[in-house]
Amino acid sequence: MMTISGRKISYAGIFIFWFVTMAVLLFGHYGLNQNIAPAAYKAVIPDELLGEQWMGVYYKGEKIGYAGRKIEKKGEGYKVSERLKMRLNVMDTQKEIETITNAFLDSGLRLKSFDFALKSDADMTIRGRVKDKDLNVEIETPGAKSEKVIRLKDAPALNLSVVPDILKQGLKTGRKFTMAIIDPATLTQENMFIEVTGKEPITAMGIKQDAFKVKGVFKGAEFFMWLTEKGEVLREESPMGFTLIKESKENAMRIERPSLDLIAQVAVPFNLRLPHDTNYLKVRLSGIDFKGLELEGGRQHFKGNMLEIRKEALSYQPSAISLKHQEEYLEDTMFVQSRYPQIISMAKEIVKGEKDKLKAARLIYEWVYKNIEKVPAITIPMATEVLKTKRGDCNEHTTLYAALARAAGIPTRIALGLTYKDGFFYYHAWPEIFVKQWIAVDPTLGQFPADAAHIRLITGDMDKQAQILSVVGKIKIEGMEYK
169 MMTISGRKIS
179 YAGIFIFWFV
189 TMAVLLFGHY
199 GLNQNIAPAA
209 YKAVIPDELL
219 GEQWMGVYYK
229 GEKIGYAGRK
239 IEKKGEGYKV
249 SERLKMRLNV
259 MDTQKEIETI
269 TNAFLDSGLR
279 LKSFDFALKS
289 DADMTIRGRV
299 KDKDLNVEIE
309 TPGAKSEKVI
319 RLKDAPALNL
329 SVVPDILKQG
339 LKTGRKFTMA
349 IIDPATLTQE
359 NMFIEVTGKE
369 PITAMGIKQD
379 AFKVKGVFKG
389 AEFFMWLTEK
399 GEVLREESPM
409 GFTLIKESKE
419 NAMRIERPSL
429 DLIAQVAVPF
439 NLRLPHDTNY
449 LKVRLSGIDF
459 KGLELEGGRQ
469 HFKGNMLEIR
479 KEALSYQPSA
489 ISLKHQEEYL
499 EDTMFVQSRY
509 PQIISMAKEI
519 VKGEKDKLKA
529 ARLIYEWVYK
539 NIEKVPAITI
549 PMATEVLKTK
559 RGDCNEHTTL
569 YAALARAAGI
579 PTRIALGLTY
589 KDGFFYYHAW
599 PEIFVKQWIA
609 VDPTLGQFPA
619 DAAHIRLITG
629 DMDKQAQILS
639 VVGKIKIEGM
649 EYK
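In C-alpha cells:
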C-alpha cells in the first residue's frame, strides 16, 4: 500500500480544492439558462420539489458526508438553501469542510442574489447580487475583503440541479441544451452541456424504480444524475469518484471516519526513480484528451504524445523575447491581489530596491519559502489572507508569490500540473515568472528554478483550475529518459 511522506503535504491542497469544487458543482449545479424567459414570465417549481431533500455523499463507495437542500416559496419567488458537509482523510488526518449556500430567485427563477460560506481551515463568505447583466460579488475572509463585478453573458436564471428547466421542457430521451454554470467557489461562468440519455432502473432508499439518466459535461469532465418524472434526484455521480445518493435526513447525516486517503487515490504511478534535481525529463502521456492543455511552450516541448522538459539554465542569457499581453501577468485579480497596500508594502520590503528582475524574483521566492508554514489547507487561497496567516500548501505559496512578484513589476502566471515524488506524480501548483523567458519557480518545494519533474498542464488563476478535472484519474505518465 502506498504511504504518504511528510513532504507530500505540499501536494494536498490543490486536489482537495478541486475535490470540494466538484462537490459544490455536483450538488448545487448553479446553472444560468441560456434561453432566458421574458421578465413577465412566471415559472413554478413543482410542489414535489418544495421542502427538504437529503443525500449521502460517497467517495469510491465510502461515506464521507451529506448534502441537504431546502426549497421554499419566498414572496413571488423562491429561496433555496443548500448545505454540504464532508469529512476527508488527508494523509491520515481527518479534515472537515462545510459549505452553506442561500439563493434567492424571482418568479421566473432568475437569480437575484446568493450567499456562499465555506467553513474549513480558513472561513470565507461570498455574496453575490445581480443587477441587469452584472453579478456584483463580495468576498470576505478573516484577513481580507475583496469586490468584483462579473459581466454575465445572459441575464441569470438559476436552475437548481437543472431540474426545473428539464421539467418545463419535458423529460424526453435525446433532449440536449446548454447552461452557463456559475461556480461560487471560483466565481467563474462556463458552459455546461446537458443531455437526457434515456431511462434505467435505479435503487434509492430501498426502492427500485425507473429513472431518467441525465448527462452533463463541464470543462471536459462528465457527471450524471438520475431523476424521476417529477424531478426528484435519486443519484448523482462525478468523474472523480463522487456519488450522491438519496437518503433520509437521519441516515444522510451519519458520517464515520473515512479511511481512503484522497492524495494517495489520485497520485499517478511512474516507472522511473528520479533524482531530487532533475534537469531533463522525457515522458509519454496517454489516457487523456490533450485539447485545451498547455503542454507546449517555454521549457516544455510536446509532439504527438511525447513531452520533453528542460530545466532553465539561469546562467544562459537568451535573446530577450517579447511578452504579448504583459499586463495580464501583472494584473490584480480576485485572488492574486497584487495592488493591495499590504501586498505592495511587503513586496517592497522583500525586494529592497533591487532593480534586477531575476534577483528580485529570487528574493521573493526565498521569503515565501522560508516564511510560509507548509501544512495541508482546505481553502480558496487569497494572497492577502495567506500573507496574514503565513500557512498553507502549494496553492497558498503560489498565490502569494504571484501577488508579491506582480507587485514588484515581475510578470507572473500560475502553472498547474503534476510534480514527482517517490515513484508518483502528484497534482501541484507553482508560479512561472517572465524575465527574458518564462522560468518555473517552486516556492513550496524550494526550487529556483523548478526541476524538470514539473509537468505543466495549464496556466491561469484559480478560475482555470477546474480544467484539470478532465485529467484526474485518467492521465498515465511513462518515463522514457531523464538527466
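Heads up, the sequence shown is in my numbering, so the first residue is 169 and it goes up one at a time.
Ideal Cβ positions, reconstructed from N, Cα and C, are used throughout, including at glycine.
The C-beta of Leu-449 has 16 or more other C-beta atoms within 10 Å across all chains shown, which makes the residue buried. Counted as a single uninterrupted DSSP element, the beta strand (DSSP E) harbouring Pro-599 occupies residues 592 to 602. Relative to Thr-293, the option among Asp-300, Asp-457, Leu-279 and Glu-266 whose CA is nearest is Glu-266. One Cα belongs to Asp-274, the other to Thr-547, and the distance between them is close to 32 Å.
Close CB contacts of Ala-583 within its chain, under the 6 Å cut and outside five residues either way in sequence, are with Trp-598, Glu-600, Arg-624 and Thr-627 (chain order). The beta carbon of His-565 is closer than 7 Å to those of Val-536, Ile-540, Pro-611 and Thr-612 in its chain, skipping five residues each way along the sequence. Under the DSSP assignment, Met-373 falls outside any beta strand (DSSP E); it carries neither an H nor an E label. DSSP places Tyr-508 in the coil class of the three-state scheme, outside both helix and strand. Cβ-Cβ distances below 6 Å link Leu-286 to Thr-267 and Met-292 in the same chain, with the five nearest sequence neighbours on each side left out; the list follows chain order. Here Ser-638 is buried. Its C-beta has 16 or more other C-beta atoms within 10 Å. Annotation for Leu-568: the continuous alpha helix (DSSP H) segment containing it runs 562 to 575. In this structure, the alpha-carbon of Glu-415 lies about 20 Å from that of Thr-269. Check the Cα spacing between Lys-459 and each of Gln-605, Asn-473, Val-434 and Leu-256: the tightest is with Asn-473.
Judged by DSSP secondary structure, Leu-498 falls outside any alpha helix (DSSP H); it is assigned neither H nor E.
Here the C-alpha atom of Leu-430 lies approximately 6 Å from the C-alpha atom of Asn-257. Contact between Lys-253 and Gly-233 is confirmed by a C-beta separation of about 5 Å, below the 8 Å threshold.
In the DSSP assignment, His-622 is bridged to Thr-587.
The straight-line gap separating the alpha-carbon atoms of Val-640 and Ala-435 is approximately 9 Å. Taken atom to atom, the span from the alpha-carbon of Val-543 to that of Gly-342 is near 47 Å. Nearest C-alpha to Ile-477 among Leu-453, Leu-568 and Arg-403: Leu-453. Linking Thr-371 to Thr-557 through their CA atoms gives a straight-line distance of about 46 Å. Here the alpha carbons of Glu-405 and Val-603 stand approximately 44 Å from one another.
Taking Asp-283 as the centre and dropping the five residues before and after it, the same chain places the C-beta of Asn-270 and Arg-295 closer than 6 Å to its C-beta, in chain order.
When only Cα atoms are considered, Glu-649 and Val-451 end up about 7 Å apart.
For the pair Lys-383 and Gly-577, the Cα-to-Cα distance works out to about 45 Å.
Ser-314 counts as buried, since at least 16 other C-beta atoms from the protein chains shown sit within 10 angstroms of its C-beta. Val-536 carries a helical assignment under DSSP once its states are collapsed to helix, strand and coil. Looking at the DSSP output, Ile-578 bridges to nothing.
If only complete runs of 3 or more residues are kept, the region 383 to 452 shows the beta strand (DSSP E) at 389 to 395, 401 to 405 and 410 to 414, in order along the chain. The continuous beta strand (DSSP E) containing Val-305 extends over residues 302 to 309. In chain order, Ile-239 place their CB closer than 6 Å to the CB of Leu-218, counting only its own chain and leaving out the 5 sequence neighbours on each side.
In the three-state reduction of the DSSP assignment, Asp-610 falls in the strand class. Trp-606 sits away from Lys-417, with the two beta carbons spaced by 8 Å or more. Residue pairing by DSSP places Ala-285 opposite Ile-268 and Thr-293 in a beta bridge. By the neighbour-count criterion, in which a residue is buried when 16 or more other Cβ atoms sit within 10 angstroms of its Cβ, Thr-501 is buried. Within the same chain, and ignoring the five residues on either side of Gly-647 in sequence, the residues whose Cβ sits closer than 7 Å to its Cβ are Phe-438, Asn-439, Leu-440 and Val-451.
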